[in-house]
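Residue numbers (my numbering), protein chains in the order written: chain X, -8 to 257; chain L, -8 to 257; chain W, -8 to 257; chain C, -8 to 257. Scroll down for the structure; my scribbles are underneath it.
There are 4 protein chains.
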Amino acid sequence: MRERVRQLVESSRFQWAIIVVIVVNAAILGLEVSPGWMEHYDSETAVAGWVTVGIFVVEISLRVYAYGARFFRGGWNLFDFFVVAIALIPGAGSYSVLRVLRVLRVLRLLSTVRSMRRVVAAMVATVPGMASIAALLGMLIYIGSVVATQLFGDTDPEHFGSLSRSLQSMFQVTSGDDWANVIRTTTDEHPGAYVFFLVYIVLSTYIVLNLFIAVAVEALETEQEEELGELKEEVEVAMDAQTEAILVSIADLKTQVSALEARLSP
Amino acid sequence: MRERVRQLVESSRFQWAIIVVIVVNAAILGLEVSPGWMEHYDSETAVAGWVTVGIFVVEISLRVYAYGARFFRGGWNLFDFFVVAIALIPGAGSYSVLRVLRVLRVLRLLSTVRSMRRVVAAMVATVPGMASIAALLGMLIYIGSVVATQLFGDTDPEHFGSLSRSLQSMFQVTSGDDWANVIRTTTDEHPGAYVFFLVYIVLSTYIVLNLFIAVAVEALETEQEEELGELKEEVEVAMDAQTEAILVSIADLKTQVSALEARLSP
Amino acid sequence: MRERVRQLVESSRFQWAIIVVIVVNAAILGLEVSPGWMEHYDSETAVAGWVTVGIFVVEISLRVYAYGARFFRGGWNLFDFFVVAIALIPGAGSYSVLRVLRVLRVLRLLSTVRSMRRVVAAMVATVPGMASIAALLGMLIYIGSVVATQLFGDTDPEHFGSLSRSLQSMFQVTSGDDWANVIRTTTDEHPGAYVFFLVYIVLSTYIVLNLFIAVAVEALETEQEEELGELKEEVEVAMDAQTEAILVSIADLKTQVSALEARLSP
Amino acid sequence: MRERVRQLVESSRFQWAIIVVIVVNAAILGLEVSPGWMEHYDSETAVAGWVTVGIFVVEISLRVYAYGARFFRGGWNLFDFFVVAIALIPGAGSYSVLRVLRVLRVLRLLSTVRSMRRVVAAMVATVPGMASIAALLGMLIYIGSVVATQLFGDTDPEHFGSLSRSLQSMFQVTSGDDWANVIRTTTDEHPGAYVFFLVYIVLSTYIVLNLFIAVAVEALETEQEEELGELKEEVEVAMDAQTEAILVSIADLKTQVSALEARLSP
């Protein structure tokens, strides 16, 4: 029985059905925040929402039954379980934080569609390689914000009046969005401040560039290792074939010498 | 006769002439939406437009005659046929959707200029490799929009009042254009919202970066495979030459041994 | 005498001196457009300007004398000659187009500093590889502008009222600068227009990305070819050494067999 | 004794403790510019600040004692020394330039955390490779500013009224931030100016792109050299093994021939 449930749960038809339910559920979440729609179809949407949750509960139950305790050892399984369980907490349907968490159900696409799981895994794997550069960027933003608050807090309190405002302003400057307006008041008052912001922009752009390149290099490395590995194998196969030809030729010669030897033997 | 028409149609002079007509046609389309020009040269422009369409009709007819049924099997041929056929639908000259479709005739440059056809083919070929990451980005924008509508719809109805507005706002934030202004009203009211948008910006930037890198890696892969293939061939040629030298030397030795053998024979 | 002038002209001291004069000349051009400075030092700046021009004239004369007719065959030489000659046209000092052209003298840095010449040459060399993609981008902007003028010219005449305005607006959207504001009026009136602009933004971003990647791939190709060339050489040297070892060993064997043969000879 | 202090100073526990103090110190610097916090905890923050400075002084003293004169030969050591020494200058606690320099203490993270030191070293190492392209960009901005001031200084004095304003405006256009608004007044007056700015934007984007690619190529080069080095080694090891097999086979043959020779000897 368990074996059959497992086969069902692992069949691609079952998984496609679940993907469809996830997408339907995502659409329902979208409709629920569309005032025009909810005015007319409030109860229908709620029913459809509960039906999809019901299907999820049945699906997770089947998977728990099929795999037993092993189910709870897979990270993605736990994620599915947790995300569906939220829907069953009383009061989760009313306006509350839990209501917001329901949107995580859309993320079940990541756990269910295989190619997405792979993409996410690849992206997460490159994060450690960026840690040092990201920390460097964080440090620059922090130092820039402390200095900007000290020097320009009185000149432009709207942008640099407190550390949290400066952090927001400097992050905005780092992102390149409307930076000229952020620093306008300050540079109009203190023309020298332009040098500070210029240095900051050049440094932060350079660090962000290095962050991006680090990700690109890691992606290229993986791809390149594969290709070089293939090249190595092909060259070695060719080398093997040629060495083989040489060894055969030498073996031939040995046979000839042996024959000569035999003839000389009395 | 057919053979001669085919030779004409495939001659580079004919193709250059068609390219010129396409460019002239593009210029006419531009003049038609320039009020100053149309005031004075309305009828002349219309005549010039009909002449270019006439040339296109003749060209397509020649190509259909030259290739027969085979003509309709090529994708680009069908595109050319369809784009020119639109011009012949009655009423296509008046203000209507068909009028807008006439602009597609400019795209005939893609089907006619060979280097452009290759560039477009290469670009289309990289699309599947981006599908998973693009879907991930779509998912993030959708989830972000649903959450933003739920949490900030009342605070800033202009940007997050309905799902479609949130989708537009979140797409704008993703593109990095003026994002600080989009979220200003919300973050002024709820300072904690800054964390939500910060996480969203970092995630979306990271996914977009991975999307771009995926395209770059694919382009580099193609180029690299070629170079490594060349390297492999060159190394193998060198290896062949050296193995040959060794085998010749061994064959030499064999001759020597054979001579020795012959002398020993009685 | 000519030989001596040539040695002088090619000495690194002479070239450094000219670089200094170019930089001084650039600074003078900057001072000339600083109202505060010109109020007080108008005549001094003019004198300094003429002195630098005088030095340039002497320098070019020396180079013409040193190389003779050959001087006029180098592209950079002609550029230097032309740029300095402009200064000698009567009336070039007054407010005129020629006054603007004087700024080209700063570009003499490109012709004089060797590393810059190389960088510029490398950049120019990658241009042909981008031509098709750049043409594709131009076509997209043109088509987008014609369609936008046809469809939205009446709704938002400020941005899409004529072809030239649409071209400017679509180029701005392509560059990603403030695109949400450019399309606001239009999308508020026709919500469906958002789809048109969304498709346009995605397509143009994708083409620009491919343009950038084409430049990057070309730069990497050059660098990679060098490294693979080195690798090939090193592997071949190693292969040569090993083949040599094998051939020596076989030659050894041949000597042995020859000795055997000699002994058997009567 | 000295040896023991050195062991202490080099122990990872000691270094982690210092990292914690640096982070605490950074937090204190942030709190000092938060008006809300300073109102209530002014003196406590000052005390905490002096405690961290005290710890730094002790740490540096221990390191100076441990390494003696050698301490002052390391660049990062001098940096640490200088940054801590600033805190001891009388009056450094009051509002002054020295107060701003205290923020440099956060940079001690760079000198203390090893992975950061490496990242910074790698970034600094790529700077020379960019020098020529960066100079080219600087030249373009300068030339563009001089020309813009000459031509558009009277039309739009706010953006192009003096060289310094033009430099700021052109740098903003180069960064792509809000460029359409910067040039609006000018292009409304002189439509032809659009061509000037279009050429400027295309050129500056192209140079910035080449600057970014130069950094990326350098990063990839380092990584690629390593991989190709590995590949070379592996191929050579395989070649060695095969040559060895061939040589053994030949040696075998030699033994056989020697045996033959021995038998023939009387």
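By construction, the Cβ of each residue, glycine as well, lies at the ideal position given by its N, Cα and C atoms. Source: prediction; values computed, not measured.
message: So that I know if they touch, is there some Cβ in chain X lying closer than 8 Å to that of Q247/C?
response: It does: the Cβ of Q247/C has a partner Cβ on chain X nearer than 8 Å.
Own chain partners of V104/C with C-beta closer than 7 Å, once the 5 adjacent residues on each side are dropped: The residues are I10.
- request: Establish whether the CB of D147/L and some CB of chain X are separated by less than 8 Å.
  value: False, the Cβ-Cβ gap to chain X never drops below 8 Å.
query: In the segment 51 to 129 of chain L, which residue ranges form an unbroken alpha helix (DSSP H) of at least 4 residues, counting only runs that do not cross its ends?
result: Whole alpha helix (DSSP H) segments, 4+ residues: 66 to 77, 88 to 92, 99 to 103.
message: Can you tell me whether D33/L is helix, strand or coil according to DSSP?
response: Helix, per DSSP.
message: Rounded to the nearest angstrom, what separates L251/W and E221/L at their Cα positions?
response: Cα to Cα, the separation comes out at about 47 Å.
- request: Please say whether S25/C and S160/X have beta carbons closer to each other than 8 Å?
  value: Contact flag unset, no.
- prompt: Skipping 5 residues on each side, what residues in its chain have a beta carbon closer than 8 Å to that of V173/L?
  reply: Excluding sequence neighbours, V173/L sits near H150, S160, Q163, V164.
query: Going by C-alpha distance, which of S166/L, D169/L, T176/L is nearest G144/L?
result: Closest by alpha carbon: T176/L.
message: By the three-class DSSP mapping on this structure, what secondary structure does L(-1)/C have?
response: DSSP, reduced to helix, strand and coil, places L(-1)/C within a helical segment of the structure shown.
- request: Compute the Euclidean distance between the alpha carbons of Y191/L and L22/X, then round it to the nearest angstrom.
  value: One C-alpha to the other measures close to 22 Å.
query: Can you name the start and end residues of the alpha helix (DSSP H) that V258/C belongs to?
result: Summary: the structure shown does not reach residue 258/C, with chain C confined to residues -8 through 257, and so no result is reported for it.
- prompt: Which residues in the same chain have their Cβ closer than 7 Å to the Cβ of T146/C, if we skip the five residues on either side of it in sequence?
  reply: Result list for T146/C: T176, T177, E180, H181, in chain order.
message: Under 8 Å, CB to CB, which of the residues in the segment 204 to 227 of chain C have a partner in chain W?
response: The segment 204 to 227 of chain C vs chain W, Cβ under 8 Å: I204, A205, A207, V208, L211, E212, Q215, E216, L219, L222, K223, V226, E227.
query: Would D231/X be called buried (16 or more neighbouring beta carbons within 10 Å of its own) or exposed?
result: Exposed: under 16 other Cβ atoms inside 10 Å.
field: Boundaries (first-last residue) of the alpha helix (DSSP H) holding S166/L
entry: Note, S166/L: alpha helix (DSSP H), 154 to 166.
- prompt: E214/C to M107/C, Cα distance in whole Å?
  reply: Using only the alpha carbons, I get a separation of about 18 Å.
message: When you compare the CB of D71/W with every CB in chain C, is at least one pair closer than 8 Å?
response: No, its Cβ sits nowhere closer than 8 Å to a Cβ of chain C.
query: Under 8 Å between C-beta atoms, does P119/X make it to chain L?
result: No, because no Cβ of chain L sits closer than 8 Å to the Cβ of P119/X.
task: Note down, in chain order, every chain L residue with its Cβ under 9 Å from the Cβ of V97/X.
output: Result: M130, Y133, I134, V137.
Distance between A39/W and D33/W (C-alpha atoms, nearest Å): D33/W and A39/W have their C-alpha atoms spaced approximately 10 Å apart.
message: What would DSSP say about G135/W, mapped onto helix, strand or coil?
response: Note: G135/W maps to helix in three-state DSSP.
- prompt: Does DSSP put D169/W in a helix, in a strand, or in coil?
  reply: In the three-state scheme derived from DSSP, where H, G and I count as helix and E and B as strand, D169/W is classed as coil.
message: Against E252/X, what residues of chain C qualify as contacts under a CB-to-CB distance less than 8 Å, listed in chain order?
response: Listed along the chain, the chain C residues whose CB falls inside 8 Å of the CB of E252/X are Q247, A250, L251, R254.
field: V226/W and K223/C closer than 8 Å at C-beta
entry: Against a cut-off of 8 Å, the Cβ pair of K223/C and V226/W comes out as a contact.
field: Below-8 Å beta-carbon distance, T165/C vs any chain W residue
entry: Look at T165/C: its C-beta is not under 8 Å from any C-beta on chain W.
message: For T234/L and Q247/W, what's the separation of their Cα atoms in angstroms?
response: Taken atom to atom, the span from the alpha-carbon of T234/L to that of Q247/W is near 23 Å.
query: Under a Cβ-count criterion, where at least 16 other Cβ atoms within 10 Å of its own Cβ denotes burial, should A116/W be classed as buried or exposed?
result: Exposed.
- request: Return the chain-ordered list of same chain residues with a C-beta closer than 6 Å to the C-beta of F188/X, the five sequence neighbours on each side being excluded.
  value: Excluding sequence neighbours, F188/X sits near I174.
- prompt: So, is the C-beta of D169/L closer than 8 Å to a C-beta in chain X?
  reply: Yes, D169/L lies at the interface with chain X (some Cβ there is under 8 Å from its Cβ).
Close-in-space but distant-in-sequence residues of the same chain around W170/L (CB under 6 Å, 5 per side omitted): Closer than 6 Å at the Cβ level, and outside the excluded window around W170/L, lie V164.
task: List the endpoints of the continuous alpha helix (DSSP H) containing H150/C.
output: 148 to 151 is the span of the alpha helix (DSSP H), which, as asked, contains H150/C.
- prompt: Is V14/L closer than 8 Å to V138/W when the C-beta atoms are compared?
  reply: Not a contact, by the Cβ cut-off of 8 Å.
- request: Could you work out which residue in E30/C, G59/C, W28/C is closest to M(-8)/C when comparing CA atoms only?
  value: The residue among E30/C, G59/C, W28/C with its C-alpha nearest the C-alpha of M(-8)/C is G59/C.
- prompt: With V74/L and R96/L assumed to form a contact (beta carbons below 8 Å), what rounded beta-carbon distance in angstroms separates them?
  reply: Right, their Cβ atoms sit about 5 Å apart.
message: Please confirm whether Y58/X has its beta-carbon closer than 8 Å to some beta-carbon of chain C.
response: For Y58/X, not one C-beta of chain C is nearer than 8 Å to its own C-beta.
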